[in-house]
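Undergrad: Counting from 1, position 20 in the sequence shown corresponds to residue 20 in the UniProt record's numbering; the numbering is continuous, with no gaps.
Backbone N, C-alpha and C fix where the C-beta goes; we use that ideal spot for every residue, glycine too.
Since the model is a prediction, treat every value here as computed from it, not as a measurement.
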Amino acid sequence: MKKYNWEDTIKFNKLSLRILGLWPKGYTTYKCDFYIIHTLILYTTFMIMHVTAQAVNVYFIRNNLKALVGTSYILLIKILGTIKAFCLMKNMKHLKELLKILNSDLFQPRNENQEGLVKSGTYFWKYLNRVNVSVCFITNVFYAVFPLTSSEQRRLPFLAWYPYNSKVSPYYEITYIHQIMGLGFNTTVHVNVDSLTAVFCMFAGIQFDMLSDNLRRLGEAVNEKITTEVNDSLMFCIRHHRTILRYIRTCNNIFNWIIFLQFLISGISIGITMFQLTLVVPFSNEFNSLLGYGIAITMQIFLYCYFGNEVQLKSSNIAYAIFESQWTHLSQKIKKHLIFLSLVLLKPVQISALNLFYLTLDTFMRIMKTAWSYFALLYQLNMRK
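#1: Given a cut-off of 8 angstroms on the beta-carbon distance, is the pair residue 182 and residue 50 in contact?
#2: Taking Cβ positions only, does residue 146 come closer than 8 angstroms to chain B?
#3: Among 168, 250, 167, 169, which has the Cα closest to the Cα of residue 204?
#4: Any idea which residues DSSP pairs residue 352 with across the strands?
#5: How many angstroms separate the CA atom of residue 90 from the CA atom of residue 124?
#6: With three or more C-beta pairs closer than 8 angstroms as the rule, is the region 56 to 76 touching the region 116 to 133?
#7: If you reduce the DSSP assignment to three classes, tell me which class residue 273 lands in.
#8: When you compare only the Cα positions, how much space is there between residue 11 and residue 327?
#9: Nearest CA to the CA of residue 153: which residue from 164, 173, 138?
#10: At what residues does the alpha helix (DSSP H) containing residue 105 begin and finish?
#11: Taking 7 angstroms as the limit between beta carbons, can you name the residues of its chain near residue 268, skipping five residues before and five after?
#12: By Cβ distance below 6 angstroms, which residues in the same chain neighbour residue 216 in space, the five residues on each side in sequence not counted?
#13: If you draw a straight line from the alpha carbon of residue 380 to that of residue 278, how long is it in whole angstroms?
#14: According to DSSP, simplified to helix, strand and coil, what is residue 160?
#15: Label residue 314 either buried or exposed according to how many other C-beta atoms from any shown protein chain fall within 10 Å of its C-beta, with 16 as the threshold for buried.
#16: Kindly list the residues whose CB is nearer than 6 angstroms to the CB of residue 310, restricted to its own chain and excluding five residues on each side of it in sequence; keep chain order.
#17: Comparing alpha-carbon positions, which option in 201, 197, 193, 240 lies nearest residue 211?
#18: Consult DSSP for residue 116 and reduce its assignment to one of helix, strand or coil.
#19: Buried or exposed: where does residue 371 fall if 16 or more other Cβ atoms within 10 Å of its Cβ makes it buried?
#20: Could you name the residues of the same chain whose beta carbon sits closer than 7 angstroms to that of residue 301, not counting the 5 residues immediately before and after it, in chain order?
#21: For residue 153, which of helix, strand or coil comes out of DSSP?
#22: Would you call the CB atoms of residue 163 and residue 155 closer than 8 angstroms?
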């Protein structure tokens with residue numbers, strides 16, 4: 001059977017990150033070469049400088065609640081994007097190790113049914129990824145356009161402090177372009193890091209499906225195979241399971257802080273965005289920008305939680321797969337191995353963020369409830385004034 005290349009699924013993400021300086025070529029990490037200079041220039045210009053200008057401005061608007069709230073909801077996400085890029089660079093070696101594990105023989109589909117599992121598993125991720133990219137792109141377009149239609153003269157897309165007068169030409173035009181490019185850079189980082197987190201969870205779920213399929217087939221050809229060969233197949237399944245667990249541990253180590261901060265900041269940002277929607281003219285460009293932003297943030301955490309939830313569900317189904325096999329025809333020795341294996345598989349595998357949050361749909365609903373609480377608090381404070 002032809003070897004399946006798991007990296008083909010994320011080739012667009014790899015290309016996007018490589019252009020941004022966040023994905024060194026091949027299986028290597030960062031070296032002292034031209035690419036690291038390319039990375040530092042882009043990261044400093046379009047992330048550090050862009051975020052710093054808005055962060056400094058917070059000090060000057062600290063007494064203006066409306067302006068402070070209007071700045072913080074987008075600033076928090078941009079700071080998160082900067083952290084995501086840093087975590088990606090820091091853990092590049094481990095990310096490349098994940099790709100090596102994926103391309104190992106243990107993770108390859110062994111029959112047509114498993115190839116079908118791979119195709120069906122990747123289809124929904126590709127669909128959600130396209131939706132996420134589309135929403136983020138449309139939102140960025142609104143943010144780029146709405147200052148031009150505003151009644152305020154020479155308004156920038158985002159409130160920020162600069163050591164020069166950004167209202168006069170050519171500084172206004174240069175600053176405007178820099179903010180839009182910074183937004184695009186930050187958004188591209190968010191989209192691709194979120195896609196990678198989701199796709200690595202999705203790959204883990206597919207591996208659990210393939211493991212379940214292998215276990216179901218254990219006793220199928222018992223009449224034609226000698227017991228030793230059946231035992232070898234069982235040992236293959238055990239090695240496969242251990243490798244999946246190692247793969248998931250590596251995923252957790254890479255994305256721990258990213259997931260934790262994503263959940264923490266998303267709840268606040270969604271709540272503030274809902275509050276902002278009550279302050280602007282409905283269906284104006286600014287309203288559409290905020291609405292698209294809120295949908296994009298919601299999509300981010302849904303991607304994490306949905307595919308993390310799939311890992312939990314599919315890992316809990318492996319024990320049932322053992323009992324769906326022709327285990328009654330197997331030898332006593334293999335039956336004992338299956339009993340021990342089923343005991344190990346009773347506890348489902350969960351992907352967590354610092355062991356504080358688990359990637360489940362229940363967590364997604366809790367975040368949305370928290371966001372609503374933030375919105376209600378801000379709305380009440382505003383009504384009192």
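TA: To lay it out plainly:
#1: Sequence index remark: in the sequence shown, residue 182 carries index 182 (1-based). Sequence index remark: in the sequence shown, residue 50 carries index 50 (1-based). Against a cut-off of 8 angstroms, the Cβ pair of residue 50 and residue 182 comes out as a contact.
#2: Note that chain B does not occur in the displayed structure, where there is just one protein chain.
#3: The count along the sequence shown starts at 1 and reaches residue 204 at position 204. Comparing Cα positions, the closest option is 250.
#4: By 1-based counting over the sequence shown, the position of residue 352 is 352. For residue 352, which the question treats as bridged, DSSP gives the partners 358.
#5: Indexing the sequence shown from 1 puts residue 90 at position 90. Indexing the sequence shown from 1 puts residue 124 at position 124. Those two C-alpha atoms are separated by around 29 angstroms.
#6: Judged by Cβ distances under 8 angstroms, the region 116 to 133 makes no contact with the region 56 to 76, as fewer than three pairs qualify.
#7: Counting from one through the sequence shown, the residue named residue 273 turns up at place 273. Correct three-state label for residue 273: helix.
#8: Residue 11 sits at position 11 when you count from the first residue of the sequence shown. Residue 327 sits at position 327 when you count from the first residue of the sequence shown. Rounded to the nearest whole angstrom, the CA to CA distance from residue 11 to residue 327 is 41 angstroms.
#9: Looking up residue 153 in the sequence shown gives position 153. Residue 173 is the option with its Cα nearest to residue 153.
#10: Reading the sequence shown from its first residue, position 105 is the one you call residue 105. Segment: none, residue 105 is in no alpha helix (DSSP H) and carries neither H nor E.
#11: Here the question's residue 268 lines up with position 268 in the sequence shown. Counting only residues of its own chain and dropping the five nearest sequence neighbours on each side, residue 268 has a CB closer than 7 angstroms to the CB of 76, 374.
#12: For this step, residue 216 is matched to residue 216 along the sequence shown. The residues are 321, 324, 325.
#13: Counting from 1 along the sequence shown, the entry for residue 380 is found at position 380. Counting from 1 along the sequence shown, the entry for residue 278 is found at position 278. Within the model, the alpha-carbon separation for residue 380 versus residue 278 is close to 12 angstroms.
#14: Mapped onto the sequence shown, residue 160 falls at position 160. Correct three-state label for residue 160: coil.
#15: Within the sequence shown, numbered from 1, the residue matching residue 314 stands at position 314. Buried, because 16 or more other Cβ atoms sit within 10 Å of the Cβ of residue 314.
#16: Residue mapping note: residue 310 aligns to position 310 of the sequence shown, counting from 1. Closer than 6 angstroms at the Cβ level, and outside the excluded window around residue 310, lie 205.
#17: As a position in the sequence shown, residue 211 is number 211, starting the count at 1. For residue 211, the closest alpha carbon among the candidates 201, 197, 193, 240 is that of 240.
#18: Taking the first residue of the sequence shown as position 1, residue 116 is located at position 116. Shown here, residue 116 sits in a helix according to DSSP, grouped into three states.
#19: Here residue 371 corresponds to residue number 371 of the sequence shown, with the count starting at 1. Burial of residue 371 is indicated by the presence of at least 16 other C-beta atoms within 10 angstroms of its C-beta.
#20: One-based indexing of the sequence shown puts residue 301 at position 301. For residue 301, the CB contacts under 7 angstroms within the same chain, skipping 5 residues up- and downstream, are 262, 263, 266, 364, 367 in chain order.
#21: Residue mapping note: residue 153 aligns to position 153 of the sequence shown, counting from 1. Coil at residue 153, not helix or strand.
#22: Here residue 163 refers to the residue found at position 163 when the sequence shown is read from its first residue. Here residue 155 refers to the residue found at position 155 when the sequence shown is read from its first residue. Cβ distance not < 8 angstroms, so residue 163 and residue 155 don't count as in contact.
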